[in-house]
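Participant: Residue numbers (this note's numbering), protein chains in the order written: chain A, 446 to 890; chain B, 446 to 890.
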C-alpha cells in the first residue's frame, strides 16, 4: 500500500490572518449549511423565498432593458451591443434608474453620479471600508451582534472593529457616543459605524425614528461616518413606513448600502452604494466619494457585469422605478411567514410553559429573523444534532458576536420556507428545544 | 450671485493612500479614455473587437446552459430555478466546465475543486494577493512594465511591489532570481511573482519555452509562487502552440488566472483562478488553496453572478469545452489586425526613415499590443494633442512603469478597431508622430 501525499504545501499560518479567523468560517457555513442537510427544513440562511422567481422572465427583463435603451435613451443597435457585451462604466450603467428608484421608494434624493453599482452589497462594504480607512488607528464601530459580512470585510483589510451592544430597540445612539469617546480616549479614531436600522441581521431589531435622528446627531458630534445597510427595509410586519437614516441625513454623514437580492433576486448579485459625500483634494478640487469608490472598484471587479445590470435594469424599468409597489406580493409573503413563525412559537410554547422552561424570543417589526433564547448551550454540535435527529436547521447566534455572547441563542430565518413547511419545521424545532432543555435540566447538579 | 458649496467634505488625504496613487488614476483613464474622444480612432484600450458579438445569442446561451443542467446533470426545474436565481456556491457553479475547458485547450489538468470562478480576472488577483500576503515584509515581484490591475490590487492591500525589468523576450528568469535574492538580502520575502508569459500587456513580449521552464526552477529555488495571468494566450500570430506555465508546473508553484473577457465577452465579467496548491493547517489538515480563496471571496462578492456563469456556461457547453476551436474567427481577426498594424507601421516608417527619425517598435508574436518608441516625450499632454488634432488615441507607456520609464514609448492596441479604421488610424498616428518628431527636433539646441 502506498500513500501519496504531496511533497509540500502552503502553511495556513503563512497565509493572511483572516483565513484563520472563525468569522470567515461562519460566513462559509451560512452559505453552505443548507446543502449539507438537503432534507432538513431550514430556518438557517437569510435567503429569499424562491417560489416567486420565474426563470422564463429573465429574457423579458433583458428585452425590457434593451427596449428602454433604444426607446428612452435613443441608443443605436451598436450601442446596445456595446452596453451588453463590452467592458462598461466603472460605477455602473443603471445608476440613473437606481437613483430614481431610491427617490421613489425611500425618499432618498441623490444624484445618479453618487450611485456606485456593485457586485452585491458585499462589494459595497469592501469599497466603503477600503476608501475610508487610512490609518492603522482607524476603528470601525459595529453593532453586536453583527452581520458577518461587514466584520469579515474588515478582517480582509486588517481594520479593527469595536462592538457596540444592541438593545431590544436596536442600536442605542448613546452607546455609540460612549464607544466613540472610549476609542478616542485610547488614541484611536472611530472612523465609521456600521448599522442595519431596519430588521437587523441577525437580531431582527429596528431603531425607532427618534433614535435614528439622535444617531445622526451623535455621528455629527463625533465626526463619524455611518454605513447604513438596508437589505430588509421593505419587509415590515405593519404598514408603518420607517425612514432610512440616509433619507434623514442632512449632513451627508450616511453612506447607504442597497441590495436587490431580496427585492429582485440574489443570482444577479446586484447592489449599490449611495456615496454623495464630497471629497476635497489638497488643491481644493472636489469630487464625490462615489468617484473615489470607482478607483477602488476598478481594482476589485473593474465593473459590475452588464448582464446583471441589464436584467435588474429591466425589472426597474418595468416597475416604473417603484420597486416597493411591485414587491407587494413578496412583502405579503414575508409578513405572513413572520407572523406565522411568531404564532407557532406561541402555540408550542405558551406563556406559562415558556417561563417554566426558560425559553423566550423577540418580536421583530419585520424582516426575516427572530432570535430564540434557550437554557442549553447553542453551538455547532447542537445544530448538527438538530439537523440529523430532528431534521431542522437554524443558526447559532454566537457566530454573530465578536466578543463572546449569544451562547444560549439561535437565529430563525422565516424567509426561505413555504408556510406548510414552516409549521412542520417549527414543530420539529419545538421538539428539539424541549428535548434539549430536558437533557440540560437532567444534567444540572 | 450666490455660490453654494457644501459646508464640509472628506479630505482626500484622509482616505486610503491608494486613492492618491497615480496607478489607480491610470486604470480609470484606460477604462474611460475612449468615451472622452468618441470620434477618435482608438488604439488605446485593450478591449475586444465588438463586431463578433451577437446580442440575440444571449438567450440561446442561457437556454444551452439550462438544457445542460436538465439533460446532463439531471436537474429538476426547481433546481434550475435555484441555480439561476438564488445565492450560489462561493467558488462558482461552472467550475467543472472550466476544468474541462482548460484541460482541452491548454493541457492544464486540475480538479474542478481547484477552480474559483471570479468576477473577472481582476477579482482573482485580489483573492490571490489577499490569501498569500500575510506579513508586512512580504513582497510581490512584478514585471516592469506591468499591467496596472495587479499593481493597483497590491496598492489596495498595502502590498509592496518590486519591479523586475522585462527584456525583448519577456521576463528573464535570471532577473527574477536576482530580484528575489536582493529582496531576501534586505530582510524581506519575495512571496510571489506576477507574470503574463504570452503577449504581455503592455509590452506584447512573450517568454520562450526554455525560459518558462527555467522560471519554474527559479521559483522553486527561491520558494516563490508564480501568479500567471493569461488573457491573450489564444491570439498568436503564428500557428505555434505555447505551453502555459501552469501546464509545465509539476510542483504546484503556479496560480493561474484565466479570463473569458477576450475569448467570450467582457460584459459577463467572468474569470477564474486555478489554485490547486495544498494548504496545511497546524493540525495537519489539508485543504486546497481554492478553498481558502473561497473564504475571501465570501467577503468580496459572496459568489459570482449566476447569470454570467449561465451565459458563459452555455458558451462552454456549446463549444464542447473547446474554446480554442470555437475562437477560430476571433483568433483570425486579431492575427490579421496585428499583422496589418505591423505592416502599416512598416509602410509609414520604412527602415531607413525609421532610423533617421529615431523611431522603432517591437514585433510581438501575438496578442493585442505593440510598443512604439519615439524621440519625443510621450505623456498625457501629447495624448490630448493626438486625440484633439489628429483624431487618434493610444496609451502612454509611462503609465505602466512603477519606477519611471517608458517616457518615449506609446502602446498601440490592435484589438478594438476594424481593419479599415486601423489603416486610417495608423495614417493619423504616423502624421502625429512625424509632426511631433519634427517639433521635437526643432526644439533641440
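Glycine included, C-beta positions come from ideal geometry on N, C-alpha and C.
Could you tell me which chain B residues have their CB closer than 8 Å to the CB of residue 503 of chain A, listed as they occur along the chain?
Facilitator: Looking up residue 503 of chain A in the first chain gives position 58. Simply 507, 529 and 752.
Participant: Taking the alpha carbon of residue 465 of chain B as the reference point, which residue from A:491, A:454 and A:575 has its own alpha carbon closest?
Facilitator: The residue given as residue 465 of chain B occupies position 20 in the second chain. Looking at the Cα atoms, A:575 is the closest of the given residues.
Participant: Going by the DSSP bridge assignment, what does residue 588 of chain B pair with across the sheet?
Facilitator: In the second chain, the residue the question calls residue 588 of chain B occupies position 143. DSSP, once it has assigned bridges, lists B:609 as partnering residue 588 of chain B.
Participant: Do residue 601 of chain A and residue 572 of chain A count as a contact pair if the criterion is CB distance below 9 Å?
Facilitator: On the first chain, residue 572 of chain A is found 127 positions in, with the first residue counted as 1. On the first chain, residue 601 of chain A is found 156 positions in, with the first residue counted as 1. No, these two residues do not count as a Cβ contact at 9 Å.
Participant: Run through chain B and tell me which residues come within less than 8 Å of residue 888 of chain A, C-beta to C-beta.
Facilitator: By 1-based counting over the first chain, the position of residue 888 of chain A is 443. Under the 8 Å cutoff, chain B gives no residues; its nearest Cβ is about 29 Å from residue 888 of chain A.
Participant: Quick one: does residue 521 of chain A have its CB under 9 Å from some CB of chain B?
Facilitator: For the purposes of this step, residue 521 of chain A is taken as the residue at position 76 of the first chain. No, residue 521 of chain A lies away from the interface with chain B (no Cβ there is under 9 Å from its Cβ).
Participant: Within the continuous beta strand (DSSP E) that includes residue 509 of chain B, where are the two ends?
Facilitator: On the second chain, residue 509 of chain B is found 64 positions in, with the first residue counted as 1. First-last for residue 509 of chain B: 502 to 516, but that is the alpha helix (DSSP H), not the beta strand (DSSP E).
Participant: I'd like the ranges of any alpha helix (DSSP H) spanning at least 4 consecutive residues and lying wholly in the region 516 to 604 of chain B.
Facilitator: Those alpha helix (DSSP H) runs which fall completely within the region 516 to 604 of chain B and span 4+ residues are 522 to 530, 540 to 551, 565 to 577 and 593 to 601.
Participant: Against chain C, with Cβ distances strictly below 9 Å, would residue 556 of chain A count as a contact?
Facilitator: Considering every chain present, this structure includes no chain C. Its protein chains are A and B.
Participant: Go to residue 804 of chain B, then tell me how far its alpha helix (DSSP H) extends in each direction, as first and last residue.
Facilitator: The residue given as residue 804 of chain B occupies position 359 in the second chain. Per DSSP, residue 804 of chain B belongs to no alpha helix (DSSP H) and is neither H nor E.
Participant: Between residue 448 of chain A and chain B, is the shortest Cβ-Cβ distance under 9 Å, so that the two count as touching?
Facilitator: Reading the first chain from its first residue, position 3 is the one you call residue 448 of chain A. Residue confidence is low: residue 448 of chain A scores 37 on pLDDT, short of 50, so the model does not pin down where it sits. Its coordinate-derived value is still stated next. Residue 448 of chain A does not count as touching chain B.
Participant: Ordered along the chain, which non-local residues of its own chain (more than five positions away) have a Cβ less than 6 Å from that of residue 511 of chain B?
Facilitator: Taking the second chain and counting its residues from 1, one reaches residue 511 of chain B at position 66. Result list for residue 511 of chain B: 525, in chain order.
Participant: Please report the straight-line C-alpha distance between residue 729 of chain B and residue 536 of chain A, rounded to a whole angstrom.
Facilitator: Along the second chain, read from residue 1 onward, the residue named residue 729 of chain B stands at position 284. Along the first chain, read from residue 1 onward, the residue named residue 536 of chain A stands at position 91. Near 44 Å, if we compare the C-alpha coordinates of residue 536 of chain A and residue 729 of chain B.
Participant: For residue 565 of chain A, return the contacting residues in chain B, with the cut-off set at a CB-CB distance below 8 Å.
Facilitator: As a working note, residue 565 of chain A is residue 120 in the first chain. Chain B residues near residue 565 of chain A: 746 and 747.
Participant: I believe residue 487 of chain A touches residue 779 of chain A by the beta-carbon criterion, under 8 Å. Please report the beta-carbon distance rounded to the nearest angstrom.
Facilitator: Residue numbering aside, residue 487 of chain A sits at position 42 when the first chain is read from its first letter. Residue numbering aside, residue 779 of chain A sits at position 334 when the first chain is read from its first letter. Not quite, the Cβ-Cβ distance comes to about 16 Å (not below 8 Å), so this is no contact.
Participant: Thinking C-alpha only, which one of A:614, A:608 and A:829 is nearest residue 624 of chain A?
Facilitator: Locating residue 624 of chain A in the first chain gives position 179, counting from the first residue. Ranking A:614, A:608 and A:829 by Cα distance to residue 624 of chain A puts A:608 first.
Participant: Leaving out five residues on either side along the sequence, give the residues of the same chain with a beta carbon under 8 Å from the beta carbon of residue 449 of chain B.
Facilitator: Translated into positions along the second chain, residue 449 of chain B becomes position 4. Confidence at residue 449 of chain B is low in this model, with a pLDDT of 39, below 50, so the placement of that residue is unreliable and no value is reported for it.
Participant: With residue 541 of chain A and residue 557 of chain A assumed to form a contact (beta carbons below 8 Å), what rounded beta-carbon distance in angstroms separates them?
Facilitator: By one-based count along the first chain, residue 541 of chain A stands at place 96. By one-based count along the first chain, residue 557 of chain A stands at place 112. Sure, about 4 Å apart at Cβ, within 8 Å.
Participant: So with Cβ pairs under 9 Å, would you call residue 571 of chain B a contact of chain A?
Facilitator: Residue mapping note: residue 571 of chain B aligns to position 126 of the second chain, counting from 1. Interface residue, yes.
Participant: Rounded to the nearest angstrom, what separates residue 530 of chain A and residue 751 of chain A at their Cα positions?
Facilitator: The count along the first chain starts at 1 and reaches residue 530 of chain A at position 85. The count along the first chain starts at 1 and reaches residue 751 of chain A at position 306. Taking the straight line from one Cα to the other gives about 7 Å.
Participant: Who are the near neighbours of residue 886 of chain B in its chain, counting only those whose CB is closer than 6 Å to its CB and skipping five residues on each side?
Facilitator: Your numbering for residue 886 of chain B matches position 441 in the second chain. Once the five neighbours on either side are set aside, residue 886 of chain B has no close Cβ partner at all.
Participant: For residue 712 of chain A, name the three-state secondary structure that DSSP assigns.
Facilitator: As a position in the first chain, residue 712 of chain A is number 267, starting the count at 1. Correct three-state label for residue 712 of chain A: helix.
Participant: List the DSSP bridge partners of residue 485 of chain A.
Facilitator: Sequence index remark: in the first chain, residue 485 of chain A carries index 40 (1-based). Note: residue 485 of chain A sits in no beta bridge, so no partner.
Participant: Give every residue of the same chain whose Cβ lies closer than 8 Å to the Cβ of residue 834 of chain A, excluding the five residues on either side of it in the sequence, and list them in chain order.
Facilitator: As a first step, residue 834 of chain A is located in the first chain; it is residue number 389 there, counting from the start. Contacts found: 877.
Participant: When you compare only the Cα positions, how much space is there between residue 809 of chain B and residue 672 of chain B?
Facilitator: By one-based count along the second chain, residue 809 of chain B stands at place 364. By one-based count along the second chain, residue 672 of chain B stands at place 227. Approximately 22 Å between the Cα atoms of the pair.
Participant: Grab me the residues of residue 615 of chain A's own chain with a C-beta within less than 6 Å of its C-beta, minus the 5 sequence neighbours each way, in chain order.
Facilitator: Start at 1 with the first residue of the first chain, and residue 615 of chain A comes out as number 170. Same-chain partners within the cutoff: 650, 651 and 652.
Participant: Consider the Cβ of residue 662 of chain A: report whether some Cβ of chain B lies at a distance smaller than 9 Å.
Facilitator: Position 217 of the first chain, counted from the first residue, corresponds to residue 662 of chain A. No, no contact with chain B.
Participant: Tell me the DSSP secondary structure of residue 758 of chain B in three-state form.
Facilitator: Within the second chain, the letter at position 313 stands for residue 758 of chain B. Three-state result, residue 758 of chain B: helix.
Participant: Taking the beta carbon of residue 593 of chain B as the centre, do at least 16 other beta carbons fall within 10 Å, making it buried, or is it exposed?
Facilitator: As a position in the second chain, residue 593 of chain B is number 148, starting the count at 1. Buried: at least 16 other Cβ atoms inside 10 Å.
Participant: Anyone know if the C-beta pair for residue 588 of chain A and residue 681 of chain A falls short of 9 Å?
Facilitator: Translated into the one-based positions of the first chain, residue 588 of chain A becomes position 143. Translated into the one-based positions of the first chain, residue 681 of chain A becomes position 236. It is not a contact, given that the beta carbons lie outside the stated cut-off.
Participant: Nearest to residue 842 of chain A by CA position, among A:867, A:866, A:814 and A:868, is which residue?
Facilitator: Counting from 1 along the first chain, the entry for residue 842 of chain A is found at position 397. The shortest C-alpha separation from residue 842 of chain A is found at A:814.
Participant: Just to confirm, is the Cβ distance from residue 806 of chain A to residue 822 of chain A under 9 Å?
Facilitator: Position 361 of the first chain, counting from 1, holds the residue named residue 806 of chain A. Position 377 of the first chain, counting from 1, holds the residue named residue 822 of chain A. Contact flag unset, no.
Participant: Between the region 601 to 616 of chain A and chain B, which residues of the former have a C-beta closer than 9 Å to a C-beta of the latter?
Facilitator: Under the 9 Å Cβ criterion, the region 601 to 616 of chain A contributes 601, 602 and 603.
Participant: I'd like to know if residue 409 of chain A contacts chain B, where contact means its C-beta is closer than 9 Å to some C-beta of that chain.
Facilitator: Absent from the model: residue 409 of chain A. The displayed extent of chain A is 446 to 890, so no value can be given.
Participant: Thinking C-alpha only, which one of A:762, A:882 and A:560 is nearest residue 798 of chain A?
Facilitator: As a working note, residue 798 of chain A is residue 353 in the first chain. Checked all of A:762, A:882 and A:560; the closest Cα to residue 798 of chain A is A:882.
Participant: For residue 820 of chain B, which option in B:759, B:888, B:613 and B:482 has the closest C-alpha, if you only look at C-alpha atoms?
Facilitator: Along the second chain, one-based indexing puts residue 820 of chain B at 375. Out of B:759, B:888, B:613 and B:482, B:888 has the C-alpha closest to the C-alpha of residue 820 of chain B.
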